[in-house]
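First comes the structure, then the notes that go with it.
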Amino acid sequence: MLSSLALAAPLLLAGLQAATVSAIPTISAVGSKFFYENGTQYYLKGIAYQLTPNDPLTDGAQCKRDIARMSELGTNAIRVYHVDPTADHKACMTAFADAGIYLFVDLDTFSTQIEQTNPHWNQTQFDHFKEVLDEFQQFDNTAGVFVGNEVLTTADGSHAAPYVLAAARDIKAYRDQKGYREIPVGYSAADIADLRPMLQNYLACQTNSSDRLDFYSLNAYEWCGDSSYTVSGYNMLQKNATDYPIPIFFSETGCNTPAPRMFDDQAAIFGKDMSGTWSGAIIYEWIEETNDYGLISYGPSAKAATNTLVEDGYTRKGTPTPVSPDFTNLKKQWATLHPTGVHLSDYKKSVSSISSIECPASTKGGWAVDPSSPLPTLGQTYKATSQATATAGSTGQGTSSGSNASATSSGKDNAAGAVTVTGLATERLLMASLFLSAGMGALAFLL
């Protein structure tokens, strides 16, 4: 008897330890909000975290070093653009969970992304998306997944929107068929004035919840320098998002022209103007690179270095050192911003007042998607004649900008308060292309 207990004790202890490291409440999308399991509303205070093109979540020691600084900021979320689904992510994900930090992860790679110029949704893409979901669904701090990032980047790109929804539809069906937790599935959009608000409305207007996103997010760099809620155009973003039926948040923000970055927009996002509609923001980005958006660095630039820790002239591992004064400025902003939102029980009582959003009508020379048209099926490729043909054996050859956004855009406002923003992902894409050529590896609305 004693021998049996002696053998059982280590197993019991191991089980308790495992339960401890994974004891973080899951996040759910209900109506237009995110909620913790206890019913408290969840707002993202996030950081874009992509140290290398392949996967930043495989080095537990490095994750812990970075987490210490992230916690100093008040971070509760990270966004990761590319991961290797075959790698071991347990150490990093456990460390982030222990710090109360959630993950929003993109499912695509540079070769499996949905394209604007030649949109298609095929088995190769779907298989990779499933592999990423299979890996990260096991972690309770996986808060959401993106089926695309800045797929639509021009006014004439609306024909790609149905392919975004097709991917979301299929990955949601796969999630449910596997019996996984209902991890929210969403999209990260480039801030293109000519697509507002048609794109965000189209992605959330479908009658069948299986055919719409669970959340929508925006990469926006409109609030630059000494701006304001109205001058920046944030008031128009808020107007377009009012009564939106699914959660909406900023998946990238933090204009850096002129320097330094003051992050004054955070007071609007988490304050009375927007916190009733928006679910927070993800700041671009963690590591300092050529684009000068970093919050930390791991040392001075090392353009001639051959050290394996250096890529593209920047050290990508080590002790994170805050970039001054940007790191401190963000820390000061977030320290004063603590929206309480609404409790889930109270929200459910009032949610009937939220009406479903109307689908945008197709217009000549503008939004080109007929909302009554069926979504593409797996294996379809868009044809300019609007006749989709089945090409089930095709392989995604993603070359369009936006799969891994490198935010170098800036907002410029005109007298009418409209904002013109150009989303530039070219820098990251070029960097990734160099890595690939060098052989460095490929990268609900329910109640």
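In case it helps, mature numbering (1 follows the signal peptide of the UniProt record, and there is no 0) puts the sequence shown at residues -23 to -1, 1 to 424.
Note that the Cβ used here is the ideal one computed from N, Cα and C, for glycine as well.
As the structure is a prediction and not an experimental result, all values here were calculated from the model.
Close Cβ partners of residue i (< 7 Å) along its chain, the five nearest in sequence each way excluded
i                 : result
threonine 219     : Thr254
arginine 173      : Asn217
phenylalanine 226 : Leu21, Ser194, Trp255, Ser256, Gly257 and Ala258
alanine 367       : Confidence at alanine 367 is low in this model, with a pLDDT of 34, below 50, so its placement is unreliable and no value can be given for it.
glutamine 26      : For the record, residue 26 in the displayed sequence is tyrosine; it is not glutamine. Excluding positions up to five away in sequence, the list reads Pro33, Ile55, Arg56, Val57 and Trp263.
Same chain, Cβ closer than 6 Å to residue i, five either side skipped, listed in chain order
i                : result
proline 348      : Cys336
histidine 320    : Gly16
serine 363       : Bear in mind that the predicted position of serine 363 carries a pLDDT of just 45, short of 50, making it too unreliable to give a figure here.
phenylalanine 11 : Ile4, Tyr19, Pro224 and Ser256
alanine 76       : Ile44 and Ser48
histidine 105    : Thr89
tyrosine 140     : Ile91, Pro96, Trp98 and Pro353
leucine 264      : Checking the sequence shown, residue 264 turns out to be isoleucine, not leucine. Around isoleucine 264: Leu28 and Gly271.
Simplified DSSP assignment, three categories, for residue i
i            : result
tyrosine 151 : helix
alanine 415  : Confidence in alanine 415 is poor, its pLDDT being 39 and thus under 50, which makes the residue's placement too unreliable to answer from.
lysine 107   : helix
alanine 54   : strand
serine 48    : helix
leucine 272  : coil
leucine 307  : helix
alanine 338  : coil
valine 162   : strand
alanine 6    : strand
threonine 71 : helix
valine 141   : helix
lysine 249   : coil
serine 333   : coil
alanine 76   : coil
aspartate 43 : helix
alanine 38   : helix
Unbroken beta strand (DSSP E) run spanning residue i, endpoints
i                : result
phenylalanine 11 : 10 to 13
arginine 293     : It is not in any beta strand (DSSP E) - arginine 293 carries neither H nor E in the DSSP assignment.
aspartate 83     : 79 to 83
Residue span of the alpha helix (DSSP H) that contains residue i, given as start and end
i            : result
tyrosine 324 : 321 to 327
alanine 245  : 242 to 246
Identified DSSP bridge partners for residue i
i             : result
threonine 257 : According to the sequence provided, residue 257 is glycine. The question's threonine does not apply to it. The partner list for glycine 257 (beta bridge, DSSP) reads Leu21.
glutamate 266 : The partner list for glutamate 266 (beta bridge, DSSP) is empty, contrary to what the question assumes.
valine 300    : DSSP output for valine 300 lists no bridge partner at all.
glutamate 288 : Tyr291
Cβ shell of residue i (< 8 Å), same chain only, five flanking positions each side left out
i             : result
leucine 355   : Trp98, Asn99, Gln100, Phe103, Ala143, Asp147 and Ala369
histidine 315 : Phe247
Checklist entry - Which whole runs of the beta strand (DSSP E) in the segment 109 to 138 are 3 residues long or more, in chain order? => result 119 to 126
Item to check | Within the segment 166 to 234, ranges of the beta strand (DSSP E) (whole runs, at least 3 residues) | outcome: 192 to 196 and 225 to 230
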